[in-house]
Amino acid sequence: MTPRARWGVVLALGLSSGAAWAEDAGTPKAASPLVDATTVVKDLGVDLRYATADNFLKKKVYPDTARCLLLPESAQRLKKAADVLRAQGYRLKVYDCYRPRAVQYQMWEIMPVPGYVANPRTGSNHNRGGAVDLTLTTLDGKAVEMPTPFDTFTRAAHHGYTGGTEASRKHREILREAMEGAGFKRNRMEWWHYDLPDARKRPVLDVPFSPP
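Under mature numbering (1 follows the signal peptide of the UniProt record, and there is no 0), read the sequence shown as residues -22 to -1, 1 to 190, first letter to last.
Okay, structure coming up:
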């Protein structure tokens, strides 16, 4: 059985049984450290794009029960950023949080480009619960202008991009300052993507989206 097929089976079993698994040197271990970020950040906006067809895959790859799951440390740092932003008149809205490794294989098949899509053999920080894709909204949930839409794999999505409108660059910087101030590390190629600094040291997880 190929690695992709093996992990597809593990994911299917986990979703049906409610089991949670962590991969450590190829040995599954029972573990489920992830938390629903909306229980920590009460006003968090949730727009999980991979639970819809509005993404670069052009198809739905998450179930309707998908939630914004994160490591507890990720969720607490997200709360810190949200508290700072709220005082400035903004809320956070997430596009992607924890991502099953089986989905990572699907993404890699479509775009095997390191920097934009992580190789599933080593895993994405999203597979670890240590990465979050997000944007800003107003306090009443209205979108604010950003340099590009989500999942735009162009130079315009880079943090160093100096084009676009002044408002889009301003909002990108407001988000960056809050997220880095909370201890996240930015992805220089994607204005929406932030990681825990030590995310690569965390185990790749395979946990169900369904509530227990």
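Just so you know, even glycine gets a beta-carbon here, dropped at the ideal spot from N, CA and C.
* How many angstroms separate the CA atom of THR16 from the CA atom of PRO90? -> 32 Å
* To do: From the DSSP output, in three-state form, read off LEU56 for me.
  => helix
* What's the C-alpha gap between PRO125 and THR115? -> 14 Å
* Is the Cβ-Cβ distance between TYR73 and LEU112 less than 8 Å? -> yes
* Apart from the five residues on each side of it in sequence, which residues of its chain come closer than 8 Å, Cβ to Cβ, to GLY138? -> ARG166
* **PRO186 classed as buried or exposed, judged by whether at least 16 other C-beta atoms fall within 10 angstroms** => buried
* Beta-bridge pairing of residue 204 - partner residues as DSSP gives them -> The structure shown has nothing for residue 204, since the chain only spans -22 to 190.
* To do: Put LEU117 into one of helix, strand or coil per three-state DSSP.
  => coil
* Element boundaries [alpha helix (DSSP H), containing HIS149] -> 144 to 159
* State buried or exposed for LEU47, treating a residue as buried only when at least 16 other CB atoms are found within 10 Å of its CB. => buried
* To do: Name the residue from ASP118, THR130, ALA109 and ASN33 whose alpha carbon lies nearest to the alpha carbon of ASP176.
  => ALA109
* Asked: Per DSSP, which one or two residues make a beta bridge with LEU70?
  -> LEU114
* To do: Mind the definition here: the segment 67 to 83 touches the segment 28 to 48 only if three or more C-beta pairs lie below 8 Å; say whether that holds.
  => yes
* Secondary structure at GLU123, three-state DSSP: helix, strand or coil? -> coil
* Determine the direct distance from the alpha carbon of HIS149 to that of VAL122, and round the result to whole angstroms. => 7 Å
* Asked: Is the distance from the Cβ of PRO92 to the Cβ of GLN82 below 8 Å?
  -> no
* Between PHE162 and LEU174, is the Cβ-Cβ spacing less than 8 Å? -> yes
* To do: Name the two residues that bound the continuous alpha helix (DSSP H) containing VAL81.
  => 79 to 88
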